[in-house]
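Line order of the protein sequences matches chains A and B.
Here my numbering is used: position 51 in the first sequence is 1044, and no number is missing along the way.
Here my numbering is used: position 153 in the second sequence is 161, and no number is missing along the way.
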Amino acid sequence: MSDKRSVEQIAYDIYEKPLSAEDFQRLVDATLANEAEQAHIAELIAWFTRRYPTAEARLQYARKHTLAARAAAAKPNG
Amino acid sequence: MQGNVFDEGAFFRDLTKAGVRYLLIGRRALVALGAPVLTGDYDLWIELDDTAALNSVASTFELEPDYDPAQAGRRGRYVLEGDERVDVMVARAHTTPDGVPLEFRDAFSRKVVVPAYGAAVNLPCLDDLILTKKWGGRPKDAMDIAFLEALRKADR
């Protein structure tokens, strides 16, 4: 059976759809208990803080990527 | 296409100069602390009495409020919109779905100040930022809490 939801709806359901307090805490606990996930997050933080060692550099990184994503989205067929 | 008139550094500097009591919350606060997460907007939690001062600063960046200060106060939040979108929370306190309250003035008194752009950027302390992530209760907030807990470990 195919999934009839739009891409936007699927993304919303995965990332944005509010959970009950119990389900949310279960998800937090499961994420924190997942050693592979924790190791990956630690690696990402280590890279990011090494590459961008100050808060200002990190904020500039985020802003640069936000503007680039908007520019790409604004292009015809982008 | 016109350029984006929003200057992030000038915005934070002007907030500091104007004496706006604010906390940068949401994913941009995670970014400032060291988590490489994506976000398209800004989330501020401010002292309700500073709404007009924030709007005055925002107007110089062509950001306009969707509600006037009195209406925003009744609603607890409003949005500044222009080349950027700034979600502004003005509620004096908020409670997590599992019943943990957080008052702005308490969070502001525990704030972490990070230097950026020649300004002092105000962030909630880690414990308070984690509470704010529980307000939304979305799957991405759970992932953000995992990043914040990892930042806590990395800081030890």
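Heads up, the beta-carbon is just placed ideally off N, CA and C, and yes, glycines get one too.
(message) In the DSSP assignment, the beta strand (DSSP E) including A:I1072 goes from what residue to what residue?
(response) This structure leaves residue 1072 of chain A out entirely; chain A is present only between 994 and 1071.
(request) Could you tell me which uninterrupted alpha helix (DSSP H) segments, each at least 4 residues in length, are contained entirely in the region 89 to 142 of chain B, listed from first to last along the chain? (result) Within the region 89 to 142 of chain B, the runs of alpha helix (DSSP H) that reach at least 4 residues and sit entirely inside it are, in chain order, 112 to 117.
(message) Could you tell me the alpha carbon to alpha carbon distance between B:K161 and A:P1069, rounded to whole angstroms?
(response) Residue mapping note: residue 161 of chain B aligns to position 153 of the second sequence, counting from 1. Residue mapping note: residue 1069 of chain A aligns to position 76 of the first sequence, counting from 1. Whole-angstrom Cα-Cα distance: 44 Å.
(request) Tell me whether A:Y1054 sits in a helix, a strand or coil according to DSSP, three-state version. (result) Counting from 1 along the first sequence, the entry for residue 1054 of chain A is found at position 61. Helix.
(message) Quick check on the DSSP output: the alpha helix (DSSP H) that includes A:I1034 runs from which residue to which?
(response) As a first step, residue 1034 of chain A must be located in the first sequence, where it is residue number 41. Residues 1028 to 1044.
(message) Cutting at 8 Å between CB atoms, please list the residues of its own chain near B:V94, excluding the five before and the five after it.
(response) The residue labelled residue 94 of chain B in the question sits at position 86 within the second sequence. The residues are D49, Y50, D51, L52, A66, L71, V87, L88.
(request) Compare the C-beta of A:R1056 against all C-beta atoms of chain B and say whether one is closer than 8 Å. (result) Within the first sequence, residue 1056 of chain A is the residue found at index 63, counting from 1. A:R1056 counts as touching chain B.
(message) My output table needs one value for B:V65: the three-state DSSP class, helix, strand or coil.
(response) To locate residue 65 of chain B, count along the second sequence from 1; it is residue 57. B:V65 sits in a helix when the DSSP states are folded into three classes.
(request) Measuring alpha carbon to alpha carbon, tell me which of B:V98, B:D91, B:D74 ends up nearest B:G81. (result) As a position in the second sequence, residue 81 of chain B is number 73, starting the count at 1. Comparing Cα positions, the closest option is B:V98.
(message) Distance check for B:A40 and A:E1049, CA to CA, integer angstroms please.
(response) Looking up residue 1049 of chain A in the first sequence gives position 56. Looking up residue 40 of chain B in the second sequence gives position 32. Rounded to whole angstroms, A:E1049 to B:A40 spans 7 Å at the Cα level.
(request) With DSSP as the reference, please indicate the residues paired to B:V87 in a beta bridge. (result) Translated into positions along the second sequence, residue 87 of chain B becomes position 79. In the DSSP output, where bridge partners are listed per residue, B:V87 has B:D95.
(message) For a quick check, are the C-beta atoms of B:L38 and B:F116 less than 8 Å apart?
(response) Working through the second sequence from its first residue, we reach residue 38 of chain B at position 30. Working through the second sequence from its first residue, we reach residue 116 of chain B at position 108. B:F116 is positioned such that its CB atom lies no closer than 8 Å to that of B:L38.
(message) Three Cβ pairs or more, each shorter than 8 Å: is that satisfied between the region 1041 to 1056 of chain A and the region 55 to 66 of chain B?
(response) When C-beta atoms of the region 1041 to 1056 of chain A are compared with those of the region 55 to 66 of chain B, fewer than three pairs fall below 8 Å, so the two segments do not count as touching.
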